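Engineer: Have a look at the structure that comes next, please.
In my numbering, the protein residues as written are 812 to 964.
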């Protein structure tokens, strides 16, 4: 039998991530959106949960993950990152290269915040319009009883 190992501190649980997925999908079905893919990352950028609805195209998963990673890596929603840097295409291209292509600066990636307004993860959604993707991400976070942030105040 293998010996015990030290466990990592968990700030975003698998159960919370599942609630985020379910809440985002519920919002999409309620609004009759196109099929979505939702990816939930922890504060280190690792996938906690990810799922696609039937009918999603194959690139939806990496796009959703890239939106979440853009948000997490920059401390603001993915759409905010893109808008802030619209006049800086070289910067956006450099960040995309530095992230190994895991950087999609369009709406749909939203930060997950704890009670102290600290980032504990991010959600990325792809499949509908960018506005609908972002709204589904927010609905998912809220359904898990967590806070969300688009940009710092």
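Built from N, CA and C at the ideal position, the CB exists for glycine as well. None of the values given here were measured: they were computed from a predicted structure.
Express the C-alpha separation of residue 938 and residue 923 in angstroms, rounding to a whole number.
Structural biologist: In the chain shown, counting from the first residue as 1, residue 923 sits at position 112. In the chain shown, counting from the first residue as 1, residue 938 sits at position 127. Using only the alpha carbons, I get a separation of about 20 Å.
Engineer: Quickly, what does DSSP pair residue 862 with across the bridge? List them, please.
Structural biologist: As a working note, residue 862 is residue 51 in the chain shown. Answer is 849, bridged to residue 862.
Engineer: Pop quiz: residue 932 and residue 833 are said to be a contact at Cβ under 8 Å. What is the actual Cβ separation, rounded to whole angstroms?
Structural biologist: For the purposes of this step, residue 932 is identified with residue 121 of the chain shown, where counting begins at 1. For the purposes of this step, residue 833 is identified with residue 22 of the chain shown, where counting begins at 1. Residue 932 to residue 833, Cβ: 16 Å. No contact.
Engineer: Residue 831: buried (16+ other C-beta within 10 angstroms of its C-beta) or exposed?
Structural biologist: Translated into the one-based positions of the chain shown, residue 831 becomes position 20. Residue 831 comes out buried.
Engineer: According to DSSP, simplified to helix, strand and coil, what is residue 952?
Structural biologist: Position 141 of the chain shown, counted from the start, is the residue given in the question as residue 952. If DSSP states are grouped into helix, strand and coil, residue 952 belongs with the helices.
Engineer: My output table needs one value for residue 781: the three-state DSSP class, helix, strand or coil.
Structural biologist: For the chain, the structure presents residues 812 to 964; residue 781 sits outside this window and is missing.
Engineer: Out of 946, 926, 863 and 945, which has the shortest C-alpha to C-alpha gap to residue 822?
Structural biologist: For the purposes of this step, residue 822 is identified with residue 11 of the chain shown, where counting begins at 1. Here the closest residue by C-alpha is 926.
Engineer: Could you tell me the alpha carbon to alpha carbon distance between residue 910 and residue 850, rounded to whole angstroms?
Structural biologist: The count along the chain shown starts at 1 and reaches residue 910 at position 99. The count along the chain shown starts at 1 and reaches residue 850 at position 39. Near 17 Å, if we compare the C-alpha coordinates of residue 850 and residue 910.
Engineer: Residue 912: which of 874, 949, 897 and 900 sits nearest, CA to CA?
Structural biologist: Looking up residue 912 in the chain shown gives position 101. Selected option, being the one with the closest Cα: 874.
Engineer: Could you tell me which residues DSSP puts in a beta bridge with residue 958?
Structural biologist: By 1-based counting over the chain shown, the position of residue 958 is 147. BP columns for residue 958 point to 924.
Engineer: Please state if the CB of residue 962 and the CB of residue 881 are separated by a distance shorter than 8 Å.
Structural biologist: One-based indexing of the chain shown puts residue 881 at position 70. One-based indexing of the chain shown puts residue 962 at position 151. Cβ atoms of residue 881 and residue 962: not closer than 8 Å.
Engineer: Quick test of your reading: residue 835 and residue 940, contact by CB under 8 Å. State the CB separation rounded to the nearest angstrom.
Structural biologist: The residue labelled residue 835 in the question sits at position 24 within the chain shown. The residue labelled residue 940 in the question sits at position 129 within the chain shown. With 8 Å as the limit, residue 835 and residue 940 do not qualify as a contact, their Cβ atoms being about 14 Å apart.
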